[in-house]
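Single-structure report; data block below.
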Amino acid sequence: MAYAKMESDRSVGCEHYKRRSKFVTPCCNKIYTCRFCHDENESHCVNRKDVTELVCTNCNTRQKVQVNCENCNLRFGKYTCLECKLFDDEEEPVPL
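As structure tokens, then:
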């Protein structure tokens, strides 16, 4: 039980997605939790499929898009689609 609680406490993200990474936007080189957060705060939209870099929310390591952090090995989300650049801690994928 304590392990499950610890795991859920480590889950971070935003109002749109629960995940353990943020992405570096290729259009403006800013860091956002998701494309919706970016688009709500900028005067342009980001294509998440163009994202090539992530930042781990556990150790703050900036790295290429991948399933686990190259530094601390944290999995960025229970659900991962590398083609879509989508990471989510929900068991089922959310509608795109």
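According to the numbering used here, the sequence shown is numbered sequentially starting from 25.
The beta-carbon is built from N, C-alpha and C at its ideal position, and this holds for glycine as well.
Specify, as a first and last residue, the run of the alpha helix (DSSP H) that residue i falls within.
i	result
D63	R59 to N65
Who are the Cβ neighbours of residue i in its own chain at under 6 angstroms, not counting the five residues just before and after it?
i	result
Y41	C58 and D112
C38	T57, C58 and C61
Below 8 angstroms CB to CB, which residues in the same chain sit around residue i once its five sequence neighbours on both sides are set aside?
i	result
K102	D112, D113, E114 and E115
V91	R99, F100, T104 and L106
In the DSSP assignment, find the unbroken beta strand (DSSP E) run with residue i in it and report its ends.
i	result
C80	E77 to C80
Y103	Y103 to C105
K88	R86 to K88
K73	That residue, K73, is in no beta strand (DSSP E); it is neither H nor E in DSSP.
Between which residues of its own chain and residue i is the CB-CB distance below 7 angstroms, once the five residues before and five after are set aside?
i	result
K73	C108 and K109
Am I right that residue i and residue j are in contact with their C-beta atoms under 8 angstroms? What's the rounded C-beta distance?
i	j	result
V89	V79	V89 to V79, Cβ: 11 angstroms. No contact.
Touch check for the segment 90-110 and the segment 41-52: three-plus C-beta pairs under 8 angstroms? yes
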